[in-house]
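**Q** This is the structure I want to talk about, given as structure tokens.
Number of protein chains: 2
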Amino acid sequence: MKTLNYSHTLLPYIPFFYVIWSDDLLSASEIEVVKKTVSEDDGLTATDRKILLSWLDKKHPPKNEEIKHWQQLISKSGVTLIESETYPLEAFSQKVAAFYSHTEVKNSNLRNIEINLGIQPNHYSYLFHVDVVHQVSATTYDAKEIDSIFNHAHRGEIENIRTFLQDPIFEWGVHRPKEQARKRVLEQLKALANEGWGALAYPKAYGGKGSLEAYAVIFEYLMFVDGSLAIKFGVQFGLFGGSVQSLGTQKHHDAYLKQTGEAQLLGCFAMTETGHGSNVRGIKTTATYVHQDRHLVIHTPGKNDNKEYIGNAMDSKMASVFAQLIVNGKNQGVHAVLVPLRDEKHQTLPGIRVEDNGYKLGLNGVDNGKIWFNQVQVPVANLLDKYGSIDANGHYQSAIKNPNKRFFTMLGTLVGGRICVAKGALAGAKMALTIAIKHALKRRQFNDSIKIQEDLLMDYPSHQLRLIPKVATSYVYHTVLQRAMEVYANGQTDKRKIETQVAGLKAVITWFATDTIQECREACGGKGYLLENRIADLKNDTDIFTTFEGDNTVLLQLAAKGVLSDFKSELNSDGFVGVLKLLSSRLTDKLATINPAYSNKVDKDHLYNPKFHLHAMDFRLRRLTDSAAMRIRGYIKKGIPSYQAFLKVQTHLLQVGRAYSDVLAVKWYYDFVAQQPNEPYQKLLRQMGALHSLSIIREHATWYLEEGYLGSTKSKAIRQRVERLSTELRPHINTLVDGYGIPEKLLTAPIAS
Amino acid sequence: MKTLNYSHTLLPYIPFFYVIWSDDLLSASEIEVVKKTVSEDDGLTATDRKILLSWLDKKHPPKNEEIKHWQQLISKSGVTLIESETYPLEAFSQKVAAFYSHTEVKNSNLRNIEINLGIQPNHYSYLFHVDVVHQVSATTYDAKEIDSIFNHAHRGEIENIRTFLQDPIFEWGVHRPKEQARKRVLEQLKALANEGWGALAYPKAYGGKGSLEAYAVIFEYLMFVDGSLAIKFGVQFGLFGGSVQSLGTQKHHDAYLKQTGEAQLLGCFAMTETGHGSNVRGIKTTATYVHQDRHLVIHTPGKNDNKEYIGNAMDSKMASVFAQLIVNGKNQGVHAVLVPLRDEKHQTLPGIRVEDNGYKLGLNGVDNGKIWFNQVQVPVANLLDKYGSIDANGHYQSAIKNPNKRFFTMLGTLVGGRICVAKGALAGAKMALTIAIKHALKRRQFNDSIKIQEDLLMDYPSHQLRLIPKVATSYVYHTVLQRAMEVYANGQTDKRKIETQVAGLKAVITWFATDTIQECREACGGKGYLLENRIADLKNDTDIFTTFEGDNTVLLQLAAKGVLSDFKSELNSDGFVGVLKLLSSRLTDKLATINPAYSNKVDKDHLYNPKFHLHAMDFRLRRLTDSAAMRIRGYIKKGIPSYQAFLKVQTHLLQVGRAYSDVLAVKWYYDFVAQQPNEPYQKLLRQMGALHSLSIIREHATWYLEEGYLGSTKSKAIRQRVERLSTELRPHINTLVDGYGIPEKLLTAPIAS
């Protein structure tokens, strides 16, 4: 093999140049890195340097024959590539150079290129016809460190719950008949309550720690046990207990909160009706006040007015019933009333009828039921009266005069539940990703005809692209939900604002979970279809998360209306018109036209820059909001009623809601990254941020191209960068899924072990 | 109310102009329609005509104040809009005009506009503040006629199976323990076999009708009963029986085919192994020929080499086992051998081990299992020897000399199965769409504050957009699968070509089903989550369709490789290189640059024109194929091994496979439409074709914009047209889902009744 007379100092550069030119992603900044290294390498002769620099001219790239010669030179050296070396390409190159020059070659300049270009063995090992000592996973990062970065707050609770859930009572198993599954979940619920986990969010006086945040943090771990357990837990302690805590006053707390936290009193949250799910304000159940002996009559008036899908309905002794409160013949709007359902022998009380909702797609360990009330009397003291009460004279009293505002204040208690639902969905996605990725790191299929061993699934580009961006997104959403709960629990912001934020995030994150778990199921092929591998249950259990605690389509419109009314105006449609006038003039000024140089800027530094990501997200939100407002105004000016005008732009509003959630997630994530002191990990976090952001931009590339924000070249470059970043994160992917901190004992899927 | 002095002849035009201008979709051809009507209306004065024509100038549209005045004029007339009138807007307009002019107004010119612009009550009824007598569904089309258009071939069998499935044995129910579900499905299978349904595809001599097409046609209906029944049926009669029929010779037919068709002999198709699913050629089970007493030894060599997910494994007496055939120490490649599994008492035979695969996400009525063979001896006669046999001297013989070609010929028998899987998936999607749409035509939620009744879900634009395009696509795919089966069954084309076609179609259609059923579940909210409403089972049962009978990702690559090799070259990677050289020169010539006038042509006539749809699809396929070929060539020229070069463009190849399937579907669909003699129905079919095609183009709009095929304006116009077409089909949507012809008795979902 002749080496085209390359000198022994130039020779170690050959594998580097081969790797660089076999790909098409060399950006200006990357060329600079190589140029600098070559210029500063004192071992090179002037001729060598000239040759090397000539190979960096993108306009006159090395000829294919030359590149092919490099490939043969490398392959025929017989040198083995060892991926576990600290600088594998440097070490490999030196050995190749030594082979041809018959002298030891040392050149530590090379690692500059290797480090700064982020060249990893999985980028190039397949380019050479050489033996490779493979590594399934790099050791650059430590999963424990990632876990501690992302799960820093309430660390004590996290470690305790991780340990506690190793109790055999939480072991996974198949329980097909619903009665069996429900029995098991109820036992698990009680075990948690006994250890004080149920009461976490309640005040200390009632056995809790007064920490809604800690409650939300541990909620995630219950999903790893069983979706039904998480939901049963959420209904009992979060929804039922939460309604007593947030809508009730001290008399209710004293009477019920401790028992509820201990699961001595089981309760349900009876809001949804067969005829009214999304439109809570339209529910038909009535609570009519009778002054004579100061009681309330709870009644189901019509055929479809019964409560439905009420979790914990079969086990509960009491329900927090949402009903239209009628006082002196006047409807004061929706209020919650505590209604006993069953006696000590668990017989339903007079006037109460409960029916099992039967089998569902998933969550069959949760006892959902329908409830009818036939003129059921309860004392007026059972009215959860924090925001509205009936005084001794039988007059309705409320500190919030506006009935609309009162309604939304009461519904505000659902915000915590929405965050938990999103957390639960995300936990499901994390678990499915862990299983699919661990499987792909073991499973091999197909090979080059030369090799004996087949290729790992994880080394297929299509497999990387389907799973790795989702891991990045899962980390983004993890930090975002933590912040949302922090903001909500500590009342750090205007209530309406956090409601808008959570409405959007809940929709986007639960949809992300549905997509991700589906992708994981398919990525595991037939194995993913077996119940024992857990993805099936995660898929079925989380499926309803896009519907309950607010249907996603409705929530995105809620978020959009929040954006349109600039978080200030009231949410009824009439209130909008005034705001819109203001809005459309205000926004248009701020929208700069996009410079063509910007819309075609494809440099890596630019594409990976958080500023670009935030700018792109923000541009989308502003432009969409502006155009929605303009369209609505246009219709209204032509005499179309405002309700109908909003309906005409409904699909547009969904896009506004989504854009809003995208901005929020990326912004909060980068805030989080900026706070991390550990530089190497900060780099990893930035890579994930870039992958997430570019994936989102890519998803909406049609819109960006239509608006001229992206030019063709940039749009294509973003696609290539998404693929490249996925490949760059490939060596760390096992560490990243371990970083979720899912207790090994709960990860029972045989394909993941 | 003053009427701005509009004459009584001009007055009836007002509602028309209000409807036209309250929307933004007026195209040049539509303006022509109105102009023509106005010009030909002899009742108008010259002044009227001038005013009306001035209102058609898109550059100087009527002022908002004027439009608003029209709206008030209409609303204050107090006239009720009756949707069931033949020409509701004409009738309404005349009444409004009569109210203000105090004289009877008749103007039958108006209906020209109403008909030619396709203006329907659901476009405009909400624009006026008037009382509306609503229609849930229009009566323009007849569901029976649609059914007969789409289900014309094998009509006798269709009607018979629809009737037969009303037998109580096919009634839907919840069977949670798998043993119960399997027992039920086995009984149903036998009931079908008793009536001759199982043998349909076999020759008459064995109890059949020799019609694979009829078999495929009725397969769809089994999905409406239960996914497990369809799969069990497919395994027994299609895969096991099919392998005997297609890979065996007369001795096998005589011995087994009749019994198989009658379900007297239950059999399974043992191809997939734990370690080898997609890579069938790499399976490890061996069938070693021993010449001494002419037998074959079937053996499972290693840990992951057992058969897995084998449907019918627990019930079968015999298996069609795929194994590497070793004759005289030489591996002759994969062949199928009939291996008895159990004796008459259903005890497994010596050397055979079968294990239940346990619970799965869905299809729990199918008994999937794992099978191990420990040196199991069978006579050499059990080799299914149509394509390869062992002669009396112990020499291997095959008419197909090339082992590669032989392998693909044997696998070709899977093509029929793939068509059936796609048909099954599509049937699942149809059933879910029917349920979701019937629910949306009853379910109401939210309203304008003025109205008492809430709005129908089906009248929300977002709901129309999520469901209606999928109905259009379902009809497109229905015709396409019928043609694929016709081509395959009658050997109308080169075998390799139909394999490529079916590979792509199976992937695209099963993914469509997964997306559609998910969308339907969410569109039904909590109701969609209940098992009784059927969507849950459809979702879980069809989920694996994207994986089995060929993983979709693998199949799309297979399709892409078929495209690249122009259906002629062999499918091993070495064979490609030569073809690629040819390909890249050939294709580039044919790709014309896109004229800017074309890339911004937004006229309705153009956007709805099948020629545009086909051109767009074809352009995408050609350009993607060309660029994939160029990239692969580029890598190979740089010395990258061809296997790795293909891997580098893997995600690109998936796009080629998808583009190929899109072209095929649209082309075949329009061929079908062209054959329909009934003009009004042809129009409906063309509307569905346009909606399907524009949805596909919209889905890939990023790519079209990047390539300059679409300009921004056209891209946006396509989005608007997708929304508009959905609204246009809204009145016919109930008729369209009824047109699927799903037997009412099988449509047991309470929300659909």
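The listed protein sequences derive, respectively, from chains V and F.
Numbering of the first sequence is given in my numbering, commencing with residue 1418 and proceeding in unit increments.
Numbering of the second sequence is given in my numbering, commencing with residue 1418 and proceeding in unit increments.
Virtual Cβ for every residue (Gly too), placed ideally from N, Cα, C.
(1) So residue 1965(F) contacts chain C; which residues on that side make the cut at Cβ distance below 8 Å?
(2) With 9 Å as the C-beta to C-beta threshold (strictly closer), list the residues of the region 1571-1596 of chain F near chain V in chain order.
(3) When the cut-off is 7 Å and only beta carbons count, does residue 1953(F) lie next to chain V?
(4) What residues from the region 1470-1495 of chain F come within 7 Å of chain V, judged by C-beta to C-beta, listed N to C?
(5) Compute the Euclidean distance between the alpha carbons of residue 2116(F) and residue 2110(F), then round it to the nearest angstrom.
(6) Residues bridged to residue 1813(V) by DSSP?
(7) Determine which residues share a DSSP beta bridge with residue 1705(V) and list them.
(8) Which residues of chain F have a Cβ atom closer than 7 Å to the Cβ of residue 1546(V), listed in chain order?
(9) The alpha helix (DSSP H) with residue 2147(V) in it runs from where to where?
(10) Counting only Cβ pairs nearer than 8 Å, list the residues of chain F close to residue 1961(V).
(11) Assign residue 2130(F) to buried or exposed, taking buried as 16 or more other Cβ atoms, counted over all protein chains shown, within 10 Å of its Cβ.
(12) Just to confirm, are residue 1942(F) and residue 1615(V) a CB contact at a threshold of 7 Å?
(13) Give the range of the beta strand (DSSP E) segment to which residue 1837(V) is assigned.
(14) Is DSSP giving residue 1992(F) helix, strand or coil here?
(15) Among the residues of its own chain, which have a CB less than 8 Å from the CB of residue 2019(V), if the five just before and after it don't count?
(16) State the start and end residues of the unbroken alpha helix (DSSP H) segment that holds residue 1885(V).
(17) DSSP puts residue 1684(V) in a beta bridge; with which residues?
(18) Measure the C-alpha to C-alpha separation of residue 1851(F) and residue 1777(V) and round it to an integer number of angstroms.
(19) Hey, which unbroken runs of the alpha helix (DSSP H) at 4 residues or more fall wholly within the region 1908-1974 of chain F?
(20) Is the CB-CB distance between residue 1774(V) and residue 1785(V) below 7 Å?
(21) Where does residue 1987(F) sit, in a helix, a strand or coil, going by DSSP?
(22) Name the residues in the region 1641-1665 of chain F whose C-beta lies less than 7 Å from a C-beta of chain V; which are they?
(23) Look at the alpha carbon of residue 2012(F) and the alpha carbon of residue 1916(F), and state the distance between them as a whole number of angstroms.
(24) For the alpha helix (DSSP H) holding residue 1430(F), just list the boundary residues, first then last.
(25) Taking its Cβ as the centre, do 16 or more other Cβ atoms sit within 10 Å of residue 1464(F), making it buried, or is it exposed?
(26) If the criterion is Cβ atoms closer than 7 Å, does the pair residue 1904(F) and residue 1910(F) meet it?
(27) Name the DSSP beta bridge partners of residue 1777(V), please?
(28) Less than 7 Å between C-beta atoms, sequence neighbours within five positions excluded: which residues of the same chain meet that for residue 1620(F)?
(29) Opposite residue 1472(V) in the DSSP bridges: which residues?
(30) Counting along the chain, where does the alpha helix (DSSP H) carrying residue 1574(F) start and finish?
(31) Under the three-state reduction of DSSP, which class applies to residue 1823(V): helix, strand or coil?
(32) Measure from the alpha carbon of residue 2036(F) to the alpha carbon of each residue in 2090(F), 1567(F), 1952(F) and 2124(F), then state which is nearest.
(33) Using the rule of at least 16 other Cβ atoms within 10 Å of the residue's Cβ for burial, across every protein chain shown, is residue 1557(V) buried or exposed?
(34) Counting Cβ pairs, one atom from each stretch, are 3 or more of them under 8 Å apart for the region 1622-1639 of chain V and the region 1671-1689 of chain V?
(35) Tell me whether residue 2072(V) is buried or exposed, calling it buried when 16 or more other Cβ atoms sit within 10 Å of its Cβ.
(36) Here's the rule I'm using: 16 or more other beta-carbon atoms within 10 Å means buried, otherwise exposed. How should residue 1809(F) be labelled?
**A** This is what the structure gives:
(1) Note that chain C does not occur in the displayed structure, where the protein chains are V and F.
(2) 1591, 1593, 1594 and 1595
(3) yes
(4) 1481, 1484, 1485, 1488 and 1489
(5) 10 Å
(6) 1807(V)
(7) 1714(V) and 1743(V)
(8) 2058
(9) No alpha helix (DSSP H) contains residue 2147(V), which DSSP labels as neither H nor E.
(10) 1943 and 1946
(11) exposed
(12) no
(13) It is not in any beta strand (DSSP E) - residue 1837(V) instead sits in the alpha helix (DSSP H) that spans 1831-1857.
(14) Residue placement at residue 1992(F) cannot be trusted, given a pLDDT of 48 that sits under 50; the coordinates are not used to answer.
(15) 1444, 2130, 2131 and 2134
(16) 1878-1906
(17) 1735(V)
(18) 20 Å
(19) 1912-1940, 1942-1946 and 1952-1960
(20) yes
(21) A caution first: residue 1987(F) carries a pLDDT of 35, below 50, which makes its placement in the model unreliable, though a value can still be read off. If DSSP states are grouped into helix, strand and coil, residue 1987(F) belongs with coil.
(22) none
(23) 36 Å
(24) 1430-1438
(25) exposed
(26) yes
(27) 1947(F)
(28) 1627
(29) For residue 1472(V), which the question treats as bridged, DSSP gives no partner whatsoever.
(30) 1572-1581
(31) helix
(32) 2124(F)
(33) exposed
(34) yes
(35) buried
(36) exposed
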